[in-house]
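Note sheet for the following structure.
Protein chains: 2
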Amino acid sequence: MININSLFGKLLLTIGITGSMSACSVNPHQSSAISIVQQGNFAAGGKVIQSAGQFDDKQLFKPQGQTLHGDHASVFYQIPEHARPYPLVSLYGAGQSAKTWGTTPDGCEGFQTLFLRQHFPVYVVDQPRRGQAGQSTLAIEVPATTNDQAWFNMFRLGQYPNFFKGVQFSQDSTALNQYFRQMTPNTGVYDEQVISDAMVEILKKSGDAVLITHSQGGGPGWWTAIKSNQVKGIVAYEPGSGFVFPENELPEPMPSATGTLSATPVKMADFQKLTKIPIIVYYGDNIPTEKNAYAGQQNAGQDNWRVRLKMTQLWVDKINQHGGQAQLVHLPDIGIYGNIHFPFSDLNNQQIAELLSQWLHKNKLD
Amino acid sequence: MININSLFGKLLLTIGITGSMSACSVNPHQSSAISIVQQGNFAAGGKVIQSAGQFDDKQLFKPQGQTLHGDHASVFYQIPEHARPYPLVSLYGAGQSAKTWGTTPDGCEGFQTLFLRQHFPVYVVDQPRRGQAGQSTLAIEVPATTNDQAWFNMFRLGQYPNFFKGVQFSQDSTALNQYFRQMTPNTGVYDEQVISDAMVEILKKSGDAVLITHSQGGGPGWWTAIKSNQVKGIVAYEPGSGFVFPENELPEPMPSATGTLSATPVKMADFQKLTKIPIIVYYGDNIPTEKNAYAGQQNAGQDNWRVRLKMTQLWVDKINQHGGQAQLVHLPDIGIYGNIHFPFSDLNNQQIAELLSQWLHKNKLD
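Read top to bottom, the protein sequences are chains A and B.
Going by the working numbering, the first residue of the first sequence is number 1, and it counts up by one from there.
Going by the working numbering, the first residue of the second sequence is number 1001, and it counts up by one from there.
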C-alpha cells in the first residue's frame, strides 16, 4: 500500500529541507507517519546557589541575596503510540548537543526519529552546562577558537582536507557545513559527576531505560548506571573518556599522539554494578590497531582512538571477568566499513540502527 | 469516541512526568495522537572565520590556519499530517532557548505541541549564540550571576517572594524551579542583525511562514520581515527591544525604572515593508499604564513594561498610519487577567492559543 503522507514526507525531505543533498535510504519502518502520544521538555537535577546579602528590588540586577538555578539537564522527549517498555535516553559527546541524535549531516533521519518509528520512547538530553541546559553555577570563558580541521581529523572523516576512501560521510559540502555547525560549547566546567547526577534525575522521570552514549558521554553513562538502578542496558558509541576500572585493577596508562589515556579508579562495589546489565560498545573504522600498525603523530586524530579502542577491549574483558555481559564491536571486524566517530549519524546509520535493534531484542530490552 | 492512546497520554502527563503538579486543562484538539510526517533539525545561516597561518595536523588544536563555523541558528521542526500551508517559526526572548515553546513550567503542552495538534508545521529556533546554536565567532565570558529574583520581578510573576494575586502561573514550587531552569546564557554577543540574517535562511528552508516572537525576539523578528519577503505575518508576545521606526519619525525616548527605552531608526523603505503584512502584538497583565499610575522604582520589573507597552502603541499607530495592518492587544483590556511576560506558556495558554488561532484564521494564515 502506498501511503500518501509518507510520500509527501519523502518529497519534503528531498526538496524542501535537504536541497541538493543526496536522497536518504528508504527506511523499512517509514511506511507511515509517526504517531506521538506525548512530547515535551523538562529540566532535571541541578542545584541552586545564592549570593550573600539581601535582594534589593529597586536594583534588580545586583546579585546580592539572589539565587541562581543551574547545573540541570534539559530534556526533549517523545512518546510514540504502542510504546515499547524501555525508553532510549541518549547523551552525546564533546562539543555536541541533543541535536546530535536528530537529522544527520546529510539531511536524513537520525536515531531520535528512527527509533521513534520503531516505537521506542526517546529522551534526548542536553547535559548540564551545554546547549539548552546552559545555565551553570560556575562562570566560564567561551572562546571562539578555530578548530574545524582538528575535529575533521579527530572525528575520522579523513586527513583534512581529504576524506578517507569509502568514508560513511557525504562529501557534499552542505553536509560538512551542517556537521561543523552541530558543535556547541560548554557554558561551565565539564564535570562527569554533575552530569551523571542530572542523568539519575532524568531516569526518575523517564522510568527504567536504556542509555545510549557517545564519546565523552561514555563516562557519565557508566556513572549513571553506578548511581541508579534504573539503567537497564548501555549502548556506548566510541566512548572517549571516563573508563572506570576497579581501583586495584587499573590498566597501564596508554600514551598516544593526543596525550596519555588513563583509567578512572572506582570502588569494586561500584564497578560491580556495571556487571549487572547488558552493555555493548561500538567503534567505527580507520582506527589503527596493533594489526595495522601505529598511526602516530602524523595521524594524531586517528591515533587518539587507537588507545581508546584498546582500553575498551581491556574494560570489556574486565567487566566480563567480574561476571558481566559486555561486548565490544569493532565495526570493520563484522564487515562494516567507513564509519567515522558518529556511526549513528553516518550514511549507513540505518544499518547501525538495525544492529542496535537486534541487540536490544536479544537482551529483551525492546 | 474515547481514544485509548490519548487517555494513556493524559495519564503519563499527570503521573509520569509532572509528578505532583496540577493536571493540565483538557485541550479540545487533543482527541488523538499527533501524526508527524517529518521532523528533524538543521543549522541555518552563520559564517566561517579563519585564523592566519597553516593548519598543522601534528598539532591538532593549534588554531593557526583553522576555520570555525559559527553564528548560525539551530532549528528543530515538525511537520504534521494534513499540514496547513504556513509554518509557525518561533523565536524566544532574552535568556531563553527553543524550550520556551515546549512544555510549560507547570508541565502542560506549550505552543509547539498545541499548534502541531492544529496541523501547523512548527519550527522552534535556537538563535545564533544561544542554546544548541552556541558556537559563536566572538568569544564571551559566561558569568554565573545570581539573578532569579530579578527575573521573577521583571517577568511579572509578582514582587519576589510574593506572586501577584490571580497570576496565571502555578504556585507549586516545581513550576518555579522548571521556569528558572529554562534560562540559558548567550555564548556570544547578542546581535539583532546576526540573528535576523539566520532567520532569513531558516525561512528559505521552511518556506513562507508566520513568525511568532517573544520579548527580545521582537526586534530580530521585525528585521527578518524587513530582510525577507517570506514572512507572511508576525505575532509578537511582549516585544521588549528593537522597536523600529522611520528614521525621521522617531518617538521621544521613554525613561523608566530599568533605563530609557529608545526607538531604533530605520529607512522609510524598510519600515514600509512592515506595513505589508498583518501584525499582532500581545501584552499581559500587571503592567502599569497612565491609567493605573506610575509604578516607579519600587516596582522596577513592572515599570520596565510600562514604557514598552506605550512604545508599542505608538509603533502600531505608526505602522497603521503608513497603511499597515498592526494591532495591539493588551490582554486585560479584553478581559484576560493575570498573564505574566510569557502568555503562551501561562496557565491559560490554551486561551491565548485560541486567540492566536482566530487571528491566523481572520488573516487567512491558516
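Even for Gly, the Cβ is constructed at its ideal location relative to N, Cα and C.
Within 8 Å, strictly: CB atoms of residue i and residue j
{"i": "B/G1134", "j": "A/T184", "result": "yes"}
{"i": "B/T1145", "j": "A/I49", "result": "no"}
{"i": "B/Q1096", "j": "A/A43", "result": "no"}
{"i": "B/T1187", "j": "B/R1129", "result": "yes"}
{"i": "B/T1260", "j": "B/P1253", "result": "yes"}
{"i": "B/L1328", "j": "B/Q1313", "result": "yes"}
{"i": "A/N349", "j": "A/T104", "result": "yes"}
{"i": "B/A1139", "j": "A/V142", "result": "yes"}
{"i": "A/F271", "j": "A/V231", "result": "no"}
{"i": "A/I36", "j": "B/A1269", "result": "no"}
{"i": "A/V281", "j": "A/P246", "result": "no"}
{"i": "B/N1299", "j": "B/Q1159", "result": "yes"}
Where residue i sits in the DSSP three-state scheme
{"i": "B/N1162", "result": "strand"}
{"i": "B/A1150", "result": "helix"}
{"i": "A/H72", "result": "coil"}
{"i": "A/F344", "result": "helix"}
{"i": "B/E1141", "result": "strand"}
{"i": "B/P1332", "result": "helix"}
{"i": "B/N1248", "result": "coil"}
{"i": "B/L1211", "result": "strand"}
{"i": "A/M254", "result": "strand"}
{"i": "B/P1265", "result": "strand"}
{"i": "A/Y123", "result": "strand"}
{"i": "B/M1021", "result": "The predicted position of B/M1021 is uncertain, since its pLDDT is 43 and thus under 50; a value taken from the coordinates is nonetheless stated next. Correct three-state label for B/M1021: coil."}
{"i": "B/R1130", "result": "strand"}
{"i": "B/S1232", "result": "The identity of residue 1232 of chain B in the sequence shown is Lys, whereas the question assumes Ser. Strand, per DSSP."}
{"i": "B/S1173", "result": "helix"}
{"i": "A/S35", "result": "strand"}
{"i": "A/I352", "result": "helix"}
{"i": "A/T113", "result": "helix"}
{"i": "A/N339", "result": "coil"}
{"i": "B/G1065", "result": "coil"}
{"i": "A/Q302", "result": "helix"}
{"i": "B/I1277", "result": "coil"}
{"i": "B/Y1092", "result": "coil"}
{"i": "A/P105", "result": "coil"}
Own chain residues within Cβ distance below 6 Å of residue i, not counting five before or after
{"i": "A/H92", "result": "Per the sequence shown, residue 92 of chain A should be read as Tyr rather than His. Once the five neighbours on either side are set aside, the close Cβ partners of A/Y92 are T100, H214 and G217."}
{"i": "A/F111", "result": "W101 and F344"}
{"i": "A/F115", "result": "L88 and V122"}
{"i": "A/E109", "result": "none"}
{"i": "A/F164", "result": "G158 and N286"}
Cβ neighbours of residue i in the same chain (closer than 7 Å, five flanking residues each side left out)
{"i": "B/G1221", "result": "L1091, L1211, T1213, I1234 and A1236"}
{"i": "A/M154", "result": "G301 and N304"}
{"i": "A/G53", "result": "Q64 and G65"}
{"i": "B/F1076", "result": "N1041, A1098 and V1124"}
{"i": "B/R1084", "result": "H1119, F1120 and D1366"}
{"i": "A/T14", "result": "Low confidence applies here, because A/T14 scores a pLDDT of 36, under 50, leaving its location unreliable; read the following figure in that light. Cβ within range, chain order: A23."}
{"i": "A/Y337", "result": "G166 and D285"}
{"i": "B/K1267", "result": "E1247"}
{"i": "A/Y86", "result": "D208, A209, V210, K232 and L365"}
Heavy atom of the ligand GTP within 7 Å of residue i beta-carbon
{"i": "A/N286", "result": "The ligand GTP is absent from the structure shown, which contains no ligands of any kind."}
Proximal chain A residues relative to residue i, where beta-carbon distance stays under 7 Å
{"i": "B/K1099", "result": "N41, S74 and Q132"}
{"i": "B/P1143", "result": "A139"}
{"i": "B/G1033", "result": "In the sequence under discussion, the amino acid at residue 1033 of chain B is Ala, which differs from the Gly named in the question. Those within 7 Å of B/A1033 in chain A are S35, I36, V37 and E81."}
8 Å Cβ cut-off: residues of chain B touching residue i
{"i": "A/P85", "result": "Neighbours of A/P85 on chain B: none; closest Cβ ~13 Å, over 8 Å."}
Under 7 Å by beta carbon: chain B residues contacting residue i
{"i": "A/M183", "result": "Q1135"}
{"i": "A/F180", "result": "H1069"}
{"i": "A/P301", "result": "It is worth fixing the name first, because residue 301 of chain A is Gly in this sequence and not Pro. What A/G301 touches in chain B: L1060."}
Under 9 Å from the C-beta of residue i: neighbouring residues of chain B
{"i": "A/G102", "result": "Q1039, G1040, N1041, F1042 and F1076"}
{"i": "A/Q298", "result": "D1057 and K1058"}
Under 8 Å by beta carbon: chain A residues contacting residue i
{"i": "B/T1187", "result": "G134, V142, T184, P185 and T187"}
At a Cβ cut of 7 Å, what residues of the segment 1043-1071 of chain B count as close to chain A, listed as they run along the chain? Across the segment 1043-1071 of chain B, CB contacts with chain A closer than 7 Å involve A1043, G1046, I1049, Q1050, S1051, F1055, D1057, K1058, L1060, F1061, P1063, Q1066, T1067, L1068, H1069 and G1070, in sequence order along the chain.
Of all the residues that make up the segment 1147-1160 of chain B, which are near chain E by a beta-carbon distance shorter than 7 Å? Note that chain E does not occur in the displayed structure, where the protein chains are A and B.
Residues within the segment 161-177 of chain A neighbouring chain B, beta-carbon criterion of under 8 Å: Listed by position, the residues of the segment 161-177 of chain A near chain B (Cβ gap below 8 Å) are N177.
Using a Cβ cut-off of 9 Å, which residues of the segment 108-121 of chain A contact any Cβ in chain B, in chain order? Answer set for the segment 108-121 of chain A: C108, E109, G110, Q112, T113 and L116.
Any C-beta of chain B within less than 9 Å: which residues of the segment 249-271 of chain A qualify? Within the segment 249-271 of chain A, the residues whose Cβ lies closer than 9 Å to some Cβ of chain B are A257 and T258, listed in chain order.
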